[in-house]
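Novice:
In this note's numbering, the protein residues as written are 29 to 552.
So this is what it looks like as structure tokens:
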């Protein structure tokens, strides 16, 4: 037990210092060093020598991480081209856009995140980078914007069985069942677990309630009057205190959205068609590969990521070719622009160091050992498993910033423990569905709120907020969803209550809070 507590120290150090100091680089380097010091049996020389050659190099050597960084770079390049071509400003200038209310824009954001939900990081990244300029013009504050993009992608991702998550989780389930000698369709178990993902469901209910009812339980941003005009909204936004500790992931702040072309309609063709081509390529290939998966064919997850990067690059290539042919922008013009934003580079370095710390977390095997110790007595009732695994998953993903790593660790352990407590260890029942849903749901809490999570980092930088401000804007609603999940979801599963009844109860209570709460944001 002492080793487990000691091994958690590097991750606690990283999270506390990052939020407190609002600067990620030095805390992460310190945490990586401490983790390596523990991993190499308290040898400081080995820890120092392995910091770059082992931790960072190996994390960057993983194919998934390489593709992730390429994907981020491509999205930034595509946005940069749109911005410098003046297409962002041109679109904002369209009369129909000016007539849209801030709440309609929020519904568009929800729909956009749903459309791109087949990959949670891509959904958060593209929503954050491309929608920032538009929502700012409508009086949606940075805090509100960060709350939406940080929660929508991860929540949709695991609830929709047509996403990249499906082949990942079914592979983990299949491996866990095979090791126990159980022959049962892993996809069926996953589908049955979806109603038990209470945290994700309640998070979406909270978002929907705040948008539809135009109310807020907790003021996460400065209130803006719903009857305010666009000019007064801009004035309100201009008074927002600029956050000197904010990070950026848009190559330039959203206020610098490029020139405005002479002909608005003509200018939107290159950007619009390029964007449509990119989205169609992403959605079509995702649907095709997932359809192949449902037909029983083996799908490599990396194939998705390769196609995503290829699709985004296709959009970039189309835009460049179109722009060069019609001379809307020149390579010479692009090369003379200041396209090297220091804050964006810091964010990229932040991501790389987070991946390195996650790589060490896998080597330390903290949470697998913690779970084994908790259940070592064998006296815990099977009905308590969903609640316990929910909190273990939430803690694990919060400290590591990873969902997939936590699933790979906890699902095999959970299924093994469930089998040991069943009269027939080869059957699948309610407990498997509830525990799987609890693990997936808990991991969502972690990646939404952890400063080590890529989702958290991307949404923080896209919103141009400081780490502390972003964390505070998320944690209250996340805590509400966490408590509701525990009380109305996993605690009631002790009595084998239908998950749909739990969801209904949660919906009623959340709606009541929004309807009768005393604290309201804009619009009341």
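Glycine included, every Cβ here is placed at the ideal spot set by N, Cα and C.
Apart from the five residues just before and just after residue 217, which ones in its own chain have a Cβ nearer than 7 Å to its Cβ?
Specialist: Working through the chain shown from its first residue, we reach residue 217 at position 189. So the qualifying residues of the chain are 201, 456, 460, 461, 464.
Novice: Under 8 Å by Cβ, that's how I've got residue 153 and residue 374 pegged, so tell me the actual separation to the nearest angstrom.
Specialist: Residue 153 sits at position 125 when you count from the first residue of the chain shown. Residue 374 sits at position 346 when you count from the first residue of the chain shown. The pair is not a contact, with the Cβ atoms about 17 Å apart (cut-off 8 Å).
Novice: Short of 8 Å in beta carbon distance, which residues of its chain neighbour residue 419, apart from the five on each side in sequence? Order them along the chain.
Specialist: Here residue 419 refers to the residue found at position 391 of the chain shown. Correct list, in chain order: 470, 514.
Novice: Report the three-state DSSP secondary structure of residue 167 (helix, strand or coil).
Specialist: On the chain shown, residue 167 is found 139 positions in, with the first residue counted as 1. Coil.
Novice: Our contact map puts residue 174 next to residue 493 with C-beta atoms below 8 Å; I'd like the distance itself, whole angstroms only.
Specialist: Taking the chain shown and counting its residues from 1, the one referred to as residue 174 is at position 146. Taking the chain shown and counting its residues from 1, the one referred to as residue 493 is at position 465. Contact holds; Cβ gap of about 6 Å.
Novice: Does DSSP put residue 426 in a helix, in a strand, or in coil?
Specialist: In the chain shown, residue 426 corresponds to position 398, counting from 1. Correct three-state label for residue 426: helix.
Novice: Is residue 438 closer than 7 Å to residue 421 when the C-beta atoms are compared?
Specialist: As a first step, residue 421 must be located in the chain shown, where it is residue number 393. As a first step, residue 438 must be located in the chain shown, where it is residue number 410. Yes, these two residues count as a Cβ contact at 7 Å.
Novice: Can you check which of these residues, 56, 46, 47, 498, is closest to residue 385 by C-alpha distance?
Specialist: As a position in the chain shown, residue 385 is number 357, starting the count at 1. Of the candidates 56, 46, 47, 498, the one whose C-alpha sits nearest the C-alpha of residue 385 is 56.
Novice: So what does DSSP say about residue 68, is it helix, strand or coil?
Specialist: Residue 68 sits at position 40 when you count from the first residue of the chain shown. Residue 68 falls in the coil class under three-state DSSP.
Novice: Indicate whether residue 447 and residue 205 have their beta-carbon atoms separated by less than 7 Å.
Specialist: Within the chain shown, residue 447 is the residue found at index 419, counting from 1. Within the chain shown, residue 205 is the residue found at index 177, counting from 1. No, these two residues do not count as a Cβ contact at 7 Å.
Novice: Taking the straight line between their C-alpha atoms, what separation do you get for residue 143 and residue 500?
Specialist: In the chain shown, residue 143 corresponds to position 115, counting from 1. In the chain shown, residue 500 corresponds to position 472, counting from 1. Distance between the alpha carbons of residue 143 and residue 500 is about 28 Å.
Novice: Would you decide whether residue 65 is buried or exposed? Buried here means 16 or more other CB atoms lie within 10 Å of its CB.
Specialist: Mapped onto the chain shown, residue 65 falls at position 37. Classification for residue 65: buried.
Novice: Going straight from the alpha carbon of residue 72 to that of residue 221, what length do you get?
Specialist: Start at 1 with the first residue of the chain shown, and residue 72 comes out as number 44. Start at 1 with the first residue of the chain shown, and residue 221 comes out as number 193. Cα to Cα, the separation comes out at about 45 Å.
Novice: Tell me the rounded alpha-carbon separation between residue 234 and residue 77.
Specialist: Stepping through the chain shown from its first residue, residue 234 is reached at position 206. Stepping through the chain shown from its first residue, residue 77 is reached at position 49. The alpha-carbon atoms of residue 234 and residue 77 are separated by roughly 47 Å.
Novice: Determine, using beta carbons only, whether residue 518 and residue 52 come nearer to each other than 7 Å.
Specialist: The residue you call residue 518 lines up with position 490 of the chain shown. The residue you call residue 52 lines up with position 24 of the chain shown. Against a cut-off of 7 Å, the Cβ pair of residue 52 and residue 518 comes out as no contact.
Novice: Does residue 528 pass the burial test, meaning 16 or more other C-beta atoms within 10 Å, or should it be called exposed?
Specialist: For the purposes of this step, residue 528 is taken as the residue at position 500 of the chain shown. Flag for residue 528 reads exposed.
Novice: Using 7 Å as the threshold, is the C-beta distance between residue 67 and residue 397 below it?
Specialist: In the chain shown, counting from the first residue as 1, residue 67 sits at position 39. In the chain shown, counting from the first residue as 1, residue 397 sits at position 369. In this structure, residue 397 does not lie closer than 7 Å to residue 67 by Cβ.
Novice: I'd like the list of long-range same chain contacts for residue 7, defined as Cβ closer than 6 Å, with 5 residues on each side in sequence excluded.
Specialist: With the chain covering 29 to 552 only, the question about residue 7 has no answer from this structure.
Novice: Between the Cα of residue 466 and those of 479, 502, 478, 516, spot the shortest distance and give me the residue it belongs to.
Specialist: Looking up residue 466 in the chain shown gives position 438. Minimum Cα distance to residue 466 is reached at 516.
Novice: Should residue 141 and residue 129 be called a contact, given that it needs their Cβ atoms to be closer than 7 Å?
Specialist: The count along the chain shown starts at 1 and reaches residue 141 at position 113. The count along the chain shown starts at 1 and reaches residue 129 at position 101. Contact: no.
Novice: Within 10 Å of its beta-carbon, does residue 434 have 16 or more other beta-carbons around it, so buried, or fewer, so exposed?
Specialist: Position 406 of the chain shown, counted from the start, is the residue given in the question as residue 434. Under a 10 Å Cβ-count criterion, residue 434 is classified as buried, with 16 or more other Cβ atoms of the shown protein chains found around its own Cβ.
Novice: Taking the CB atoms as reference points, tell me whether residue 475 and residue 182 lie closer together than 7 Å.
Specialist: Along the chain shown, one-based indexing puts residue 475 at 447. Along the chain shown, one-based indexing puts residue 182 at 154. In this structure, residue 182 lies closer than 7 Å to residue 475 by Cβ.
Novice: For residue 391, does the three-state DSSP call read helix, strand or coil?
Specialist: Within the chain shown, residue 391 is the residue found at index 363, counting from 1. It is helical.
Novice: I'd like the span of the alpha helix (DSSP H) that includes residue 199, first residue to last.
Specialist: Counting from one through the chain shown, the residue named residue 199 turns up at place 171. Segment 193-208, the alpha helix (DSSP H) holding residue 199.
Novice: Would you mind stating whether residue 490 and residue 484 have Cβ atoms separated by less than 7 Å?
Specialist: The sequence position of residue 490 within the chain shown is 462, counting from 1. The sequence position of residue 484 within the chain shown is 456, counting from 1. Cβ distance not < 7 Å, so residue 490 and residue 484 don't count as in contact.
Novice: For the alpha helix (DSSP H) that residue 502 lies in, which residues bound it at each end?
Specialist: To locate residue 502, count along the chain shown from 1; it is residue 474. Residues 495-512.
Novice: Assuming residue 133 and residue 110 are in contact, meaning their beta carbons sit under 8 Å apart, how far apart are those beta carbons, in whole angstroms?
Specialist: Residue mapping note: residue 133 aligns to position 105 of the chain shown, counting from 1. Residue mapping note: residue 110 aligns to position 82 of the chain shown, counting from 1. Residue 133 to residue 110, Cβ: 18 Å. No contact.
Novice: Could you tell me how far apart the beta carbons of residue 506 and residue 473 are, in whole angstroms, since I believe they sit closer than 8 Å?
Specialist: Here residue 506 is taken as the residue at index 478 of the chain shown, counted from 1. Here residue 473 is taken as the residue at index 445 of the chain shown, counted from 1. Contact flag correct, Cβ pair sits at about 6 Å.
Novice: Can you give me the C-alpha to C-alpha distance between residue 253 and residue 497, rounded to a whole angstrom?
Specialist: Counting from 1 along the chain shown, the entry for residue 253 is found at position 225. Counting from 1 along the chain shown, the entry for residue 497 is found at position 469. The predicted model places residue 253 with a pLDDT of 40, which falls under 50 and marks its position as unreliable; any figure quoted below should be read in that light. Taking the straight line joining both Cα atoms gives about 22 Å.
Novice: Give the straight-line distance between the Cα atoms of residue 177 and residue 451, rounded to the nearest whole angstrom.
Specialist: The residue given as residue 177 occupies position 149 in the chain shown. The residue given as residue 451 occupies position 423 in the chain shown. When the Cα atoms are used, residue 177 and residue 451 turn out to be separated by approximately 45 Å.
Novice: Taking the alpha-carbon positions, what's the residue 511 to residue 42 distance?
Specialist: Residue mapping note: residue 511 aligns to position 483 of the chain shown, counting from 1. Residue mapping note: residue 42 aligns to position 14 of the chain shown, counting from 1. So the two alpha carbons sit approximately 25 Å from each other.
Novice: Which one of 488, 135, 523, 536 has the shortest CA to CA distance from residue 170?
Specialist: Residue 170 sits at position 142 when you count from the first residue of the chain shown. Measuring from the Cα of residue 170, the nearest candidate turns out to be 488.
Novice: Rounded to whole angstroms, what is the Cα-Cα separation between residue 92 and residue 502?
Specialist: Here residue 92 refers to the residue found at position 64 when the chain shown is read from its first residue. Here residue 502 refers to the residue found at position 474 when the chain shown is read from its first residue. Whole-angstrom Cα-Cα distance: 27 Å.
Novice: Can residue 187 and residue 228 be called in contact, C-beta distance under 7 Å?
Specialist: Along the chain shown, read from residue 1 onward, the residue named residue 187 stands at position 159. Along the chain shown, read from residue 1 onward, the residue named residue 228 stands at position 200. Contact: yes.
Novice: Is residue 191 closer than 7 Å to residue 146 when the C-beta atoms are compared?
Specialist: The residue you call residue 146 lines up with position 118 of the chain shown. The residue you call residue 191 lines up with position 163 of the chain shown. The criterion of a C-beta distance shorter than 7 Å is satisfied by residue 146 and residue 191.
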